[in-house]
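Protein chains in written order, with our numbering: chain A, 12 to 121; chain B, 26 to 145.
This is how it looks when you write it as structure tokens:
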């Protein structure tokens, strides 16, 4: 088994770009798919990125995902930040029959 | 439109039991694996269990293995979670989530959640 580690919180100003990392504790990040979910306060999660870098059609192209083998991490990047992007973001993957979530990152847009 | 509606949450004493239900609509239920994911108050998401479309395959997180049982009734388009020997640490909002056809072990639709509180 492995763990997915995210920063507890990040903050940035409207219009700027922010990147949230998700680091795999052991094993090669490139050998698994990583998905990203957004959870606004009081709401259920929704998918913003799947299979590392794929974006659902309803998600604006300000959201992008990537993999960096050198740091063994996946990243979610949000450009042109809007106040509506303020939410918790979770990375998620699977290790065989087990499903793992990162601890979540609280994004504050101030 | 996919709709998932959980029910069955409530207050239960430690050691007690509870059965959650998730009524599905808007998609061919038996074609998709289904999942339970929980979120303790103020905490992150935790996967609980997965069941295959046919119901023949079930998977559990170590934290609930042997205490929780996932099942489904494809005729009724309903997912269940039988929770026994409940502990305080099982207190959480329990979400029903549909598996995505786009990727293994990815969730593309979530219910609104049902709150389970384990307390004396």
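For glycine and all other residues, C-beta sits at the position ideal for the given N, C-alpha and C. Since this is a predicted model, take the numbers as computed values, not measurements.
Asked	Found
Can you check whether the C-beta of residue 115 of chain B is within less than 8 Å of a C-beta belonging to chain A?	no
Are the CB atoms of residue 65 of chain B and residue 74 of chain B within a distance shorter than 8 Å?	no
Is residue 129 of chain B near residue 105 of chain A, with beta carbons less than 8 Å apart?	yes
Where do the ends of the beta strand (DSSP E) carrying residue 30 of chain A lie?	29-35
Tell me, please, whether the CB atom of residue 58 of chain A is closer than 8 Å to any CB atom in chain B?	yes
Got a sec: is the Cβ-Cβ distance from residue 108 of chain A to anything in chain B below 8 Å?	yes
Please list, in chain order, the residues of the region 126-141 of chain B that have any C-beta partner in chain A closer than 8 Å.	127, 128, 129, 130, 131, 132, 133, 135, 136, 137 and 138
Can you find a CB in chain A that lies within less than 8 Å of the CB of residue 69 of chain B?	yes
Should residue 111 of chain B and residue 42 of chain B be called a contact, given that it needs their Cβ atoms to be closer than 8 Å?	yes
8 Å is my cut-off, CB to CB: does residue 120 of chain B come that close to chain A?	yes
Any beta carbon from chain B within less than 8 Å of residue 100 of chain A's own beta carbon?	no
If you count every other CB in all the chains shown that lies within 10 Å of the CB of residue 84 of chain A, and 16 or more means buried, which is it?	buried
Give me the subset of the region 41-57 of chain A whose CB atoms are less than 9 Å from a CB atom of chain B, sorted by chain position.	44, 46, 48, 50, 54, 55, 56 and 57
Compare the Cα-Cα distances from residue 58 of chain B to each of B:33, B:123, B:67 and B:118 and report the closest residue.	B:123
Once DSSP output is grouped into helix, strand and coil, what is the label at residue 133 of chain B?	strand
According to the Cβ coordinates, are residue 119 of chain A and residue 20 of chain A closer than 8 Å?	yes
Please confirm whether residue 120 of chain B and residue 45 of chain B have their CB atoms less than 8 Å apart.	no
Nearest-angstrom Cα distance between residue 57 of chain A and residue 100 of chain A?	10 Å
Starting from residue 95 of chain A, trace the beta strand (DSSP E) both ways and give me its first and last residue.	Counting along the chain, residue 95 of chain A falls outside any beta strand (DSSP E), and DSSP gives it neither H nor E.
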